[in-house]
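Written below as structure tokens is the structure these notes are about.
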Amino acid sequence: MTRQAIFEKVVAIAAEYLEEGVVLTEESSVQDGFADSVQLMEFIISLEDAFGIEISDDAVDQFSNLGSVVDYIEANIS
Numbered sequence: 001m002t003r004q005a006i007f008e009k010v011v012a013i014a015a016e017y018l019e020e021g022v023v024l025t026e027e028s029s030v031q032d033g034f035a036d037s038v039q040l041m042e043f044i045i046s047l048e049d050a051f052g053i054e055i056s057d058d059a060v061d062q063f064s065n066l067g068s069v070v071d072y073i074e075a076n077i078s
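Heads up, the sequence shown is in the UniProt record's numbering, so the first residue is 1 and it goes up one at a time.
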């Protein structure tokens with residue numbers, strides 16, 4: 001799966017949790033747009049399910065932007 005395909009899938013999943021019309025880029029903060037930490041964790045679980053990976057709490061703490069999420073997924077998918 002290409003980096004662009006991973007990013008597009010991450011954005012599609014994030015869109016399920018964000019207000020309509022929010023534009024996401026690789027520089028978009030992971031925390032922005034989510035109502036609370038529960039919603040953020042639901043997003044992370046959706047990513048795990050979609051990509052067939054596990055994302056540790058430590059990894060989530062290191063996510064500074066969507067680009068770092070894509071980097072993590074790209075490094076951990078089979």
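C-beta atoms are modelled at their ideal positions from N, C-alpha and C, and glycine is treated no differently.
Query, Result
"Opening and closing residue of the alpha helix (DSSP H) in which MET41 lies", "37-51"
"Whole-Å CB distance - PHE43 paired with TYR17, under 8 Å assumed", "5 Å"
"Straight-line gap, VAL10 to LEU47 (C-alpha atoms, nearest Å)", "7 Å"
"C-beta atoms of ASN65 and VAL30 nearer than 8 Å", "yes"
"Neighbourhood of ILE53 by C-beta, 7 Å cutoff - its chain only, sequence neighbours within 5 removed", "ILE73, ASN76 and ILE77"
"Where ILE45 falls, given that 16 or more other Cβ within 10 Å makes a residue buried", "exposed"
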